[in-house]
Amino acid sequence: MQQVFKRPISLKDVQTHFCPGCHHGTIHRLVAEAMDEFGVQGRTIGVASVGCSVFLYGYFDIDVVEAPHGRAAAVATGVKRARPDSFVFTYQGDGDLAAIGTAEIIHAANRGEDITVVFVNNTTYGMTGGQMAPTTLVGQKTSTSPYGRNQHKDGAPIRMAELLAQLEGVAFSARVAVNSPRNIIDAKRQFKKAFRYQVEGKGFSFIEALSACPTNWGMNALAANERVGTEMADYFRLGVFKNTDNL
Numbered sequence: 051m052q053q054v055f056k057r058p059i060s061l062k063d064v065q066t067h068f069c070p071g072c073h074h075g076t077i078h079r080l081v082a083e084a085m086d087e088f089g090v091q092g093r094t095i096g097v098a099s100v101g102c103s104v105f106l107y108g109y110f111d112i113d114v115v116e117a118p119h120g121r122a123a124a125v126a127t128g129v130k131r132a133r134p135d136s137f138v139f140t141y142q143g144d145g146d147l148a149a150i151g152t153a154e155i156i157h158a159a160n161r162g163e164d165i166t167v168v169f170v171n172n173t174t175y176g177m178t179g180g181q182m183a184p185t186t187l188v189g190q191k192t193s194t195s196p197y198g199r200n201q202h203k204d205g206a207p208i209r210m211a212e213l214l215a216q217l218e219g220v221a222f223s224a225r226v227a228v229n230s231p232r233n234i235i236d237a238k239r240q241f242k243k244a245f246r247y248q249v250e251g252k253g254f255s256f257i258e259a260l261s262a263c264p265t266n267w268g269m270n271a272l273a274a275n276e277r278v279g280t281e282m283a284d285y286f287r288l289g290v291f292k293n294t295d296n297l
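Put into structure tokens, the structure is as follows:
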């Protein structure tokens, strides 16, 4: 019988620790498939931030550097400049990248650093207690916004893919979701594009993936998955916001 589905070689054969319904596992697979597609596993260095992404080394069969909270883009810049022949990517959450790491991600993008950034947006601080993040939706209740995010006091959720697309140094910026087969198929294409940009030395590439966090949202897995495709995708529009191949 012909095998039609298997574990990517860039992923370790281990059991996941993520909560039921969390989308990190699916996103991990898409990252690993992109690495396999371009044959870069042996020269890849991943940079993990603080948060749920911190366990990157436990799932990917690659070298991984741990970065201080919010500093993954800065660490990745140093790694890529010191090892320019390496394929370097960061894996970051919204609390990490869009809050404490805002300066690092904006300036790395503006400089056009030849790295790939994987940004997992689940609208909350996943590991540290479910606090309000820069991407938390208006009205969403969190441990630090028990009455819901108030736009007048807290500002509007930040759309990072659109924000970074405005910078001259960014070669590719897109937002995907992995809540349905159709969206996963599209996400796979966009992950490959983001990785191809670095393989071809075209500059900074950014891919944002909408993700469910059932535990901190106080939902079951099915309800959380549905929320990604409705409430989240309504505000965080899916699509490609910059693709210099088309310029």
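Numbers given in my numbering equal positions in the sequence shown, counted from 1, plus 50. Glycine is no exception: its CB is placed at the ideal position from the N, C-alpha and C atoms.
- When rounded, the separation of the alpha-carbon atoms in A153 and T178 is 21 angstroms.
- In the DSSP assignment, E258 is bridged to F169, R225.
- Checking the DSSP bridge columns, you'll see G289 partnered with R225.
- Judged by their CB atoms, E212 and F291 are nearer to each other than the 7 angstroms cut-off.
- Counting only the Cα atoms, T94 lies some 11 angstroms from V249.
- By the Cβ test, the stretch 128 to 141 is in contact with the stretch 81 to 93, since at least three Cβ pairs between them sit closer than 8 angstroms.
- A distance below 7 angstroms separates the beta carbons of A237 and L80.
- Comparing alpha carbon positions, the residue from H67, T66, A259 closest to R239 is A259.
- In the three-state reduction of the DSSP assignment, I208 falls in the coil class, being assigned neither a helical nor a strand state.
- It is roughly 19 angstroms from the alpha-carbon of H67 to the alpha-carbon of L272.
- Cβ atoms of E281 and L187 come within 8 angstroms of each other, at about 7 angstroms.
- Cβ-Cβ distances below 6 angstroms link N229 to N275, V278, G279 in the same chain, with the five nearest sequence neighbours on each side left out; the list follows chain order.
- Nearest to L214 by C-alpha distance, out of T166, G151, I155, is I155.
- The beta carbon of L61 sits closer than 8 angstroms to the beta carbons of H78, R79, A82, Y109, F110, D111 from its chain, once the five residues preceding and following it are set aside; these are given in chain order.
- Taking 7 angstroms as the cut-off, the beta carbon of D144 is found closer than this to the beta carbon of A183.
- DSSP links A98 through a beta bridge to E116, Y141.
- CA-to-CA, the gap between G219 and F254 works out to about 7 angstroms.
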